[in-house]
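Numbering (our numbering), first residue to last: 871 to 1324.
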């Protein structure tokens, strides 16, 4: 019983691939796997070492710390015997290292290969085992080889100079982002202040931000606020140069549910230079969400993105499938509806389900009113008051059931964008639109030249 209680305590857990070893039970309930050998540094003989199947350094213990040793024969038994007879030569250490290597004791193998090199630095076989390579008349350790290859030790791992520079830059950006977040939160407190002067001051501070590094914190802090703050966020992003602000404005217009806020984002979008905004909006037309498709189309139309017309045609009418809850229209059962959950003498509650649809499994509950008893011969089905002819069993409606539905959408904003960009209106007749585009559409309209006035 004593041993069984001791094993419950702290232990060193070794991988299943480790070599078997004795279980050494320690005072206090701990245990460790290894082989006890004499400590060569102990003058009084009151200390021992525990050689481990994994690890290069043995544990040093006092003898009185060991409560019991449960023998489990394994390669450490022979290792201890070989080590005791080890000759003080490089060859002997090398051969014991090779023996360890062959008996799944890789860390102890390294100990003896390294010991062989301390005895003879030119022992080539030991160097090869340790991964050393000869170059220009000298041996290079694995770390020296990495340095020769241009790698550096950075935060505990070997990386290239470029990788180190990127990691350092990311760490610096993270620290900078935290600083920006604190600053913008203070500005937000002013924007929602009851004092009109404080609000104006905070708005001025917001509009003074011009650093592209502020874009992410701005969106993080202000993007979930009310409509007035989101409008200010659009203005602030519009004043910041660079692609990050352009991307943030596009993302804002795609997720913004309020029409008047979306309209406020449009002007900053118009002022952005380059092709990033229209190309990002065009990619959004591939979204599975029809709301995003229509917002992207609205923005493309208002930004006069003529080249997007062919892509807009692809989403003039979209078809999507999704799981919806549909009324069942009939009784869920004629006998017991499911597992009984509760019965109070007038109503019975049953667990229903599982209801399974594409990608869906759901349980529900059904309440059967006017229940005065449960039928013990029919699995606990409810017995309810009937039509005067006596009690009867009734079914309960299953309630809404999940069903895979197909939805076809005629996208209003896509049609409006096509009308604006082409000056044509073929409604939702996709074939007519395609015929016109192949025949007459100019993706880069050029204004008519005016004749010089006298």
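Just so you know, even glycine gets a beta-carbon here, dropped at the ideal spot from N, CA and C.
This structure is a prediction, so every number in the text was calculated from the model and none was measured.
Enumerate, from N- to C-terminal direction, the unbroken alpha helix (DSSP H) stretches of 4 or more residues contained entirely within the region 1268-1322.
1282-1292 and 1300-1310
Does the Cβ of residue 901 have 16 or more other Cβ atoms within 10 Å, making it buried, or fewer, making it exposed?
Taking the chain shown and counting its residues from 1, the one referred to as residue 901 is at position 31. Buried is the call here.
Distance between beta carbons of residue 975 and residue 949, contact taken as under 8 Å:
As a position in the chain shown, residue 949 is number 79, starting the count at 1. As a position in the chain shown, residue 975 is number 105, starting the count at 1. That pair is a contact at about 7 Å.
Helix, strand or coil for residue 1265 per DSSP?
Looking up residue 1265 in the chain shown gives position 395. Low per-residue confidence applies at residue 1265: pLDDT is 47, beneath 50, and the placement is therefore not dependable enough to give any value.
Between 1106, 952 and 1180, which has its C-alpha nearest residue 1156's C-alpha?
As a working note, residue 1156 is residue 286 in the chain shown. Of 1106, 952 and 1180, the residue nearest in Cα terms is 1180.
Count the other CB atoms, across all protein chains shown, that sit within 10 Å of the CB of residue 944; report buried if there are 16 or more and exposed otherwise.
Sequence index remark: in the chain shown, residue 944 carries index 74 (1-based). Counting Cβ neighbours within 10 Å, residue 944 comes out buried, since at least 16 surround it.
Looking at the structure shown, is residue 1231 part of a helix, part of a strand, or coil, going by DSSP?
Here the question's residue 1231 lines up with position 361 in the chain shown. Here the model assigns residue 1231 a pLDDT of 38, short of 50, so the residue's position is not dependable and the matter cannot be decided.
Cβ pair residue 1051, residue 1087 closer than 7 Å
By one-based count along the chain shown, residue 1051 stands at place 181. By one-based count along the chain shown, residue 1087 stands at place 217. Yes, the pair counts as a contact, with Cβ atoms nearer than the cut-off.
Exposed or buried, residue 1178, counting other C-beta atoms within 10 Å across all chains shown (16 or more means buried)?
The count along the chain shown starts at 1 and reaches residue 1178 at position 308. Buried, since its Cβ has 16 or more Cβ neighbours within 10 Å.
Proximity below 7 Å, CB of residue 942 to CB of residue 892
Against the chain shown, residue 942 aligns to sequence position 72. Against the chain shown, residue 892 aligns to sequence position 22. Contact flag set, yes.
Using 10 angstroms around the beta-carbon of residue 903, count the other beta-carbons present and answer buried if the total reaches 16, otherwise exposed.
For the purposes of this step, residue 903 is identified with residue 33 of the chain shown, where counting begins at 1. The residue in question, residue 903, is buried, as its Cβ has 16 or more Cβ neighbours within 10 Å.
Figure out for me which residue from 1085, 1166 and 959 has the closest Cα to the Cα of residue 1049.
Locating residue 1049 in the chain shown gives position 179, counting from the first residue. The candidate whose alpha carbon is nearest that of residue 1049 is 1085.
Segment contact, 8 Å Cβ cut-off, at least three pairs: the region 977-987 with the region 997-1005:
yes
Please report the straight-line C-alpha distance between residue 993 and residue 968, rounded to a whole angstrom.
Within the chain shown, residue 993 is the residue found at index 123, counting from 1. Within the chain shown, residue 968 is the residue found at index 98, counting from 1. So the alpha carbons of these two residues sit roughly 14 Å apart.
Quick one: using the 10 Å Cβ neighbour count with 16 as the cut-off for buried, is residue 1131 buried or exposed?
Reading the chain shown from its first residue, position 261 is the one you call residue 1131. Buried.
Touch check for the region 1181-1190 and the region 1155-1170: three-plus C-beta pairs under 8 Å?
A contact exists between the region 1181-1190 and the region 1155-1170.
Given this structure, state the Cα-to-Cα distance separating residue 1097 from residue 1128, to the nearest angstrom.
Working through the chain shown from its first residue, we reach residue 1097 at position 227. Working through the chain shown from its first residue, we reach residue 1128 at position 258. Those two C-alpha atoms are separated by around 8 Å.
Where does residue 1069 sit, in a helix, a strand or coil, going by DSSP?
The sequence position of residue 1069 within the chain shown is 199, counting from 1. Helix, per DSSP.
Considering only the beta carbon of each residue, do residue 1034 and residue 1022 sit closer than 7 Å?
Translated into positions along the chain shown, residue 1034 becomes position 164. Translated into positions along the chain shown, residue 1022 becomes position 152. Yes, the Cβ-Cβ distance between residue 1034 and residue 1022 is below 7 Å.
Inter-residue spacing [alpha-carbon to alpha-carbon] between residue 971 and residue 916:
Within the chain shown, the letter at position 101 stands for residue 971. Within the chain shown, the letter at position 46 stands for residue 916. Approximately 31 Å between the Cα atoms of the pair.
Taking the C-alpha atoms as reference points, what is the distance between residue 1058 and residue 1285?
Numbered from its first residue, the chain shown carries residue 1058 at position 188. Numbered from its first residue, the chain shown carries residue 1285 at position 415. Going by the C-alpha atoms only, they are around 39 Å apart.
Alpha helix (DSSP H) segments (min. 4 residues) lying fully within the region 928-962
Listed in chain order, the alpha helix (DSSP H) runs fully inside the region 928-962 are 945-954, counting runs of at least 4 residues.
In whole angstroms, what separates the C-alpha of residue 1308 from that of residue 1160?
As a working mapping, residue 1308 is identified with position 438 in the chain shown. As a working mapping, residue 1160 is identified with position 290 in the chain shown. Using only the alpha carbons, I get a separation of about 26 Å.
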